[in-house]
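Only one structure is covered here, and it is reproduced in the block below.
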Amino acid sequence: MDFKLIIILGVIFITFTRIVSFAKIYTRKIIKENLENNPKLITYSHDQHIRRLNRFRESNYKGIIYYLGPKGGLFFYSKNGVRIYL
């Protein structure tokens, strides 16, 4: 009787851990897709920042929203509303 209970609990534990790991992987995938497709969300990845600039012409990188100008210049707005070109 005890042996069957141990086997059943082991199967339940293994199944639960696999479900939890799948949920973590799925959640990370959803977060990455949201960061890639929404330039208003803060990213800390420079590569992702460059991809979003090329795609949307704006990107929030480390809390600062950078814009790609019509002639290709990269800028952000200061606290006073002045464009700061890089």
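First residue of the sequence shown: 10, per my numbering; consecutive thereafter. Glycine residues also receive a C-beta, built at the ideal position from the N, C-alpha and C atoms. The model shown is predicted, which means the values in this text are computed figures rather than measured ones.
With fewer than three CB-CB distances shorter than 8 Å, the segment 36–47 does not count as touching the segment 19–26. Between the beta-carbon of TYR70 and that of LEU83 there is about 11 Å, and that puts the pair past the 8 Å contact cut. A residue is called buried when at least 16 other Cβ atoms come within 10 angstroms of its Cβ; SER30 does not meet this threshold and is exposed. As a beta-bridge residue in DSSP terms, ILE93 pairs with PHE85.
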